[in-house]
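So the structure is just underneath, and the comments pick up after that.
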Amino acid sequence: MKKHTQFTLAALVAGVWSLPASAIVNIEDMRVGVPKSGYSGNLDLGISGKNGNSDKSEVAIDSRLQNHRDKTTDFVIFSYDYGESSNQRNANSTFLHGRHVMQLRQNSAWEAFVQAEQNEFTRLSLRALAGGGLRFTLKEAQDWIGIYAGIGAFYVRETLEQQPGLTDHGSDNFARASFYISYKHQLNSQVSLASTTYYQPRLDDGEDYRALEQATLAVKMSDSLALKLSLDISHDSKPPQTVDNTDISYMTGISYQF
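Per this note's numbering, the sequence shown starts with residue 896, numbered consecutively.
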């Protein structure tokens, strides 16, 4: 094993034990090129904890099931994150996403998707959405690098939790445009990198937008197991009352691929 790979592997191993778990959902598969035919998927698990002077525990589960046949790819993603600190809950979120992708030409595809999520600590009781758009392959070189872009729109219904003294609770229905660019790089036979950036402005209010960056570094331990380090940065220009504009979360854990 090369020295830089050994260093990356050691850093990730240390991270598994030193960093908190936080479920991060990246819609993009890390594999470059056309998916393998049939069913495939992965299960990611991150666990962290402390006992003694401070008590803290967190568990994050992220799973993906995919089916590819001819020019069609369907996949479902589920994620759950739960944590406690000093017997007080400090993380509780769930995410479910389904997508259908139909290849139109060599460098373009049509996709449709549905999604549901909740996050107790951003006051999000439910966000349910459905939409679609086009996906373009900007660059794809064998199995080592891929650059993709997408443009589309979705209709969403958001319900915020009611809290004393706040005035923005209840449900709201609106539409957003969706733009993204995805970069995948197989650095060598063991190390791979994926990054996806989203920009989602509200169609009736351009100053109301969401921006997200999701990045993942994975080091293979075997054909089916990998150590994975993920980073998620999300920004909401007009968040709910009492909620910060920007969230940064990260996860270290083990990924099982099948």
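Glycine residues also receive a C-beta, built at the ideal position from the N, C-alpha and C atoms. As the structure is a prediction and not an experimental result, all values here were calculated from the model.
Secondary-structure assignment with DSSP links MET997 through a beta bridge to THR967, TRP1005. Along the stretch 920-951, the beta strand (DSSP E) occurs as fully enclosed runs of 3 or more residues at 933-945, listed in sequence order. For the pair HIS995 and GLU979, the CB atoms are not nearer than the 8 angstroms cut-off. Residues GLU1006, GLY1045, ILE1046, GLY1047, ALA1048, SER1073 of the same chain have their beta carbon placed closer than 7 angstroms to that of GLY1028, with the five preceding and five following residues left out of the count. Taken through DSSP and simplified to helix, strand or coil, PHE1016 comes out as helix. Apart from the 5 residues on each side of it in sequence, THR968 sits with its Cβ closer than 7 angstroms to the Cβ of PRO930, GLN961, VAL996 in its chain, given in chain order. Take LEU1055, set aside five residues on each side of it, and the residues of its chain with a beta-carbon closer than 7 angstroms to its own are ARG1018, LEU1019, SER1020, ASP1063, HIS1064, GLY1065, PRO1135, in chain order. Apart from the 5 residues on each side of it in sequence, ASN1140 sits with its Cβ closer than 8 angstroms to the Cβ of HIS1130, ASP1131, SER1132, PRO1134 in its chain, given in chain order.
Taking all protein chains in view, the Cβ of LYS945 is surrounded by fewer than 16 other Cβ atoms within 10 Å, so the residue is classified as exposed.
Distance check between SER1150 and each of ASP1099, ARG1105, LEU940 places LEU940 closest, using alpha-carbon atoms only. Nearest Cα to TYR1094 within the set SER1087, LEU1082, LEU1061, GLN1109: GLN1109. Considering only ASP950, ASN937, TYR934, VAL1138, the residue with the shortest C-alpha distance to GLN1058 is VAL1138. Membership of MET1116 in any beta strand (DSSP E) is not indicated, and neither H nor E is assigned to it by DSSP. With contacts defined by Cβ atoms closer than 8 angstroms, ALA1113 and SER1087 form a contacting pair. When only Cα atoms are considered, ALA1121 and LEU1061 end up about 44 angstroms apart.
For LYS1133, there is no enclosing beta strand (DSSP E), as DSSP marks it with neither H nor E.
Non-local C-beta neighbours of LEU1033 in its own chain, meaning closer than 7 angstroms and more than five positions away in sequence, comprise ILE1042, TYR1043, ALA1044, ordered along the chain.
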